[in-house]
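Residue numbers (the numbering used here): 114 to 545.
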């Protein structure tokens, strides 16, 4: 099948590469000439485990190519995916300018019937807006489908190639048959392709991410209560996680959620509700709690140093919002760096993948270390922001030797409290 993917960001590049891997002919389109040149030269522009191998294979076998020319990219395509940014506007609503601009352009250049697929996370009613924008100038038949992505950064390739479910919003029989054929190789084991109307599909994505963000935030609230009452959130997590109605996932307490999806999607759903004259109280509370949770360890740090961080050096392990990605969007580490710098502290940071992205945003405001050990040298404390595997079993003797004081503030609960006491550390974690 001939497929076009418009947008080569995280979702677009994974989508295009994975569909090429199943034998389709895929052309990805982007207006960023430098990015397209890099992709054409065979270099992946994002960090995602497992992506580079299949990217290189499909480029080499001429199933995956890239262009800045929209008309060239969609020529002959049966399916055209819109994988464009929908950043939050000042009022929290998703900004559809990029999606609608491309939709308008498509109306002028479509030469054959195609299924135009909203792959971006978009508000309810966007499919109708995209259809109207294309229809203004289109001279051929087309359908607009909502097909939200449910990719987890760090395991996106597996999520795409072995989806738990595929959600497709369309009321067109013609589009239904094409989408069934497209996804058939990915659901051979029987995982469902769920067809519904476009608005329900659009809302499904927001509902899924908002529920998961709420689950994370609920456990962070439980952790905060545990600290006040002397309970252990790890024990509570195990106690409730074995209840099949609740499940084990997304129950780990920490310093809040970040990334490109949860913050934006929770905000957008709350705004959509407000526009419909509905006060979504739970989501408003989730956003408020999550903002506070990100810098919760600053209270412990300030308490330890009696609110005087001026001249202190803080080692920071982890900058990405989660492990196995270089994504720093809404990362808790950035909020803590801002608070530390404002208090007059110096930050020495290490992250396996995200340092270049942070450097692009913060420049030389902090020190970037070559490895975890270098970040520790001469520091007054260690703060852990991301649960990268490399941080899970460190040399604690080395940590104690390099730090001025044996002080660790762990935002991801990587270590056992009793073990840290035995080793002689002052150890702060979340809810324990």
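Here a beta-carbon is modelled for each residue, glycine too, at the ideal position from N, C-alpha and C. Please read these numbers as outputs of a predicted model, since none were measured by experiment.
- Using a Cβ distance threshold of 7 Å, residue 475 and residue 428 do not count as a contacting pair.
- Between the C-alpha atoms of residue 206 and residue 361 there is a straight-line separation of about 32 Å.
- Here DSSP, grouped into helix, strand and coil, assigns residue 509 to helix.
- Around the Cβ of residue 479, a 10 Å sphere holds 16 or more other Cβ atoms; the residue is buried.
- Bounds of any alpha helix (DSSP H) do not take in residue 464, whose DSSP letter is neither H nor E.
- Sorting 191, 218, 213 and 211 by C-alpha distance to the C-alpha of residue 225 places 191 at the top.
- Judged by DSSP secondary structure, residue 450 falls within the alpha helix (DSSP H) whose first and last residues are 445-455.
- Secondary structure note for residue 117: its beta strand (DSSP E) is the uninterrupted segment 115-119.
- With fewer than 16 other Cβ atoms inside 10 Å of its own Cβ, residue 302 counts as exposed.
- With 16 or more other Cβ atoms from the protein chains shown falling within 10 Å of its own Cβ, residue 212 counts as buried.
- Residue 342 sits exposed, since fewer than 16 C-beta atoms from the chains shown fall within 10 Å of its C-beta.
- Out of 269, 214 and 272, the CA that lies nearest to the CA of residue 247 is found in 214.
- Of all C-beta pairs linking the segment 391-403 to the segment 248-258, fewer than three are shorter than 8 Å, placing the two stretches out of contact.
- Here the segment 303-313 lies against the segment 271-282, with 3 or more beta-carbon pairs under 8 Å apart.
- One thing to note: residue 463 has its Cβ within 7 Å of the Cβ of residue 430.
- Per the C-alpha coordinates, the member of 298, 260, 270 and 317 positioned closest to residue 289 is 260.
- Note that the segment 510-527 does not touch the segment 348-358; fewer than 3 beta-carbon pairs, one per stretch, sit closer than 8 Å.
- Between residue 443 and residue 376, the C-beta spacing is below 7 Å.
- Look at residue 338 here: in three-state DSSP terms it is helix.
- For the 7 Å CB-CB criterion, residue 481 and residue 498 do not form a contact.
- Look at residue 498 here: in three-state DSSP terms it is coil, with no helix or strand label.
- Three or more pairs of CB atoms, one per stretch, sit closer than 8 Å, so the segment 138-157 contacts the segment 174-181.
- Here DSSP, grouped into helix, strand and coil, assigns residue 387 to helix.
- Our two residues, residue 204 and residue 518, have alpha carbons roughly 44 Å apart in a direct line.
- Look at residue 492 here: in three-state DSSP terms it is coil, with no helix or strand label.
- In this chain, the alpha helix (DSSP H) harbouring residue 131 covers 123-134.
- If you look at residue 231, you'll find it in the beta strand (DSSP E) that goes 227-231.
- At a cut-off of 3 residues, the continuous stretches assigned as beta strand (DSSP E) that sit fully inside the segment 134-199 are 138-142, 177-180 and 192-195.
- Exclusion of the five residues before and after residue 533 leaves 540 as the residues of its chain whose Cβ lies within less than 6 Å of its Cβ.
- Beta-bridge partners assigned by DSSP to residue 282: 259 and 309.
- Between the alpha carbons of residue 521 and residue 170 lies a gap of roughly 44 Å.
- Here the alpha carbons of residue 219 and residue 114 stand approximately 19 Å from one another.
- In this structure, residue 363 sits near residue 329, with a CB-CB distance shorter than 7 Å.
- For residue 128, the closest C-alpha among the options 193, 183 and 182 is that of 193.
- A straight line joining the alpha-carbon of residue 373 with that of residue 440 spans about 8 Å.
- Look at residue 243 here: in three-state DSSP terms it is helix.
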